[in-house]
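For the record, in the sequence shown the residue sitting at position 190 is 331 according to my numbering, with numbers rising by one throughout.
Each residue gets a CB set at the ideal place from its N, CA and C atoms; glycine is no exception.
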Amino acid sequence: MDAAFTIWFTGLSGSGKSTIGHAVARTLRARGFKVEVLDSGRIRQQLNRNLGFTREEIETNLLRLGYECRLLNRNGIVAVVTAVSPYRDARDKVRAEVGAFIEVYCRCPMEVVMKRGAAELFEKAQRGEIAHVAGINAPYEEPLKPEVLLNTDQLDVENAAEQVTATLELLGRIPRVESAEYTAKEEEMIKRRLQDLGYL
Ligand code: ADP
142 MDAAFTIWFT GLSGSGKSTI GHAVARTLRA RGFKVEVLDS GRIRQQLNRN
192 LGFTREEIET NLLRLGYECR LLNRNGIVAV VTAVSPYRDA RDKVRAEVGA
242 FIEVYCRCPM EVVMKRGAAE LFEKAQRGEI AHVAGINAPY EEPLKPEVLL
292 NTDQLDVENA AEQVTATLEL LGRIPRVESA EYTAKEEEMI KRRLQDLGYL
């Protein structure tokens with residue numbers, strides 16, 4: 142089997158990280174990989190309960206997640222992380238630590254995420270009842286060179302997940318499966334993008 146790797150989903154709350162991350166995990170499991178999904182929110186309720194949302198605490202949370210990814214990866218387990226991870230610096234530090242790192246940016250306009258699962262969170266932030274909400278009263282720094290860019294207001298979950306698996310195939314992280322559902326044209330677009338960014 143190929144060496145394991147980490148797929149890191151970043152984006153605003155409600156942008157689809159968890160939904161698409163779990164869809165990708167299902168596909169990889171069906172293809173014989175062991176996969177662990179690490180959700181930043183869940184881990185904050187358990188291991189990282191003492192951490193808040195200052196820039197420094199967010200970075201600590203992400204570096205710990207990255208450490209867990211390394212442990213999983215070196216034991217042959219693919220790690221799928223879903224974390225807002227709003228700071229570019231922190232994500233790049235984790236990328237450097239993890240090594241086999243594929244960044245997936247779930248890009249979605251605020252008007253759309255507000256109508257999805259995280260509406261209440263954003264409304265509270267707008268009323269000033271909670272602080273540190275990325276996109277409202279805290280920054281979200283977009284990735285400059287994510288391996289995968291998903292405009293989740295325009296793609297359905299299945300199609301988004303397929304773009305991730307197609308990218309993993311093109312990067313040689315997982316074996317190619319001929320029956321994959323995306324078209325040659327879609328594959329060509331992904332390939333060109335990876336070449337332009339210097340990943341291929
Ligand atoms: P996040 O993990 O980024 O906070 P979630 O995946 O928990 O986001 O929530 C996104 C919500 O948006 C879910 O309720 C999901 O069903 C819905 N949704 C609607 N369309 C999409 C799409 N194209 N991609 C991902 N999620 C979508």
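What residue range is occupied by the uninterrupted alpha helix (DSSP H) comprising residue i?
i	result
PHE263	260–267
ASN189	Per DSSP, ASN189 belongs to no alpha helix (DSSP H) and is neither H nor E.
GLU197	196–215
ASN292	It is not in any alpha helix (DSSP H) - ASN292 instead sits in the beta strand (DSSP E) that spans 289–292.
ALA171	158–171
LYS234	229–239
GLU299	298–311
Select from the options the residue whose C-alpha is nearest the C-alpha of residue i.
i	options	result
GLY155	GLU319, ALA307 and TYR246	TYR246
ASN202	ASP230, ILE184 and VAL219	ILE184
ALA145	ASN300, PHE194, VAL219 and PRO227	VAL219
GLU310	VAL165, LYS158 and LEU153	VAL165
GLU258	GLY157, GLY152 and TRP149	Note that residue 258 corresponds to Gly in the displayed sequence, not to Glu. Nearest of GLY157, GLY152 and TRP149 to GLY258, Cα basis: GLY157.
LYS286	CYS210, GLY217, GLU209 and GLN336	GLN336
GLU252	PHE242, ILE243 and GLU264	GLU264
ALA279	SER181, TYR228, ASN292 and ALA237	TYR228
GLY182	LEU212, SER226 and ALA171	SER226
LEU153	GLY207, PRO284, GLU328 and LEU296	PRO284
LEU206	TYR281, ALA171 and TRP149	TRP149
THR223	LEU341, HIS163, GLN304 and VAL298	HIS163
ARG172	GLU327, ARG268, LEU192 and GLU319	GLU319
LYS234	GLU261, GLN267 and LEU204	LEU204
PRO250	GLU200, LEU188, ARG190 and TYR281	TYR281
LYS256	GLN304, GLU329, ASP294 and ARG333	ASP294
LEU341	ALA325, ALA266, ARG167 and ILE243	ILE243
THR324	GLY276, GLN304, VAL298 and LEU192	GLN304
ALA241	ARG170, GLU200, ASN300 and GLY313	GLY313
When the distance is taken between beta carbons, is residue j closer than 8 Å to residue i?
i	j	result
VAL221	VAL289	no
ASN214	THR160	no
HIS273	PHE194	yes
GLU198	LEU179	no
ALA302	ILE331	no
ARG211	GLU238	yes
LEU291	ARG248	yes
With residue i as the anchor, note down where its beta strand (DSSP E) starts and where it stops.
i	result
ASP337	Here ASP337 belongs to no beta strand (DSSP E); instead the alpha helix (DSSP H) covers 325–338.
VAL253	Counting along the chain, VAL253 falls outside any beta strand (DSSP E), though it belongs to the alpha helix (DSSP H) covering 251–256.
VAL178	175–180
ALA224	That residue, ALA224, is in no beta strand (DSSP E); it is neither H nor E in DSSP.
Using a Cβ-Cβ distance under 8 Å, would residue i count as near chain D?
i	result
GLU200	In the displayed structure, chain D is absent; only one protein chain is listed.
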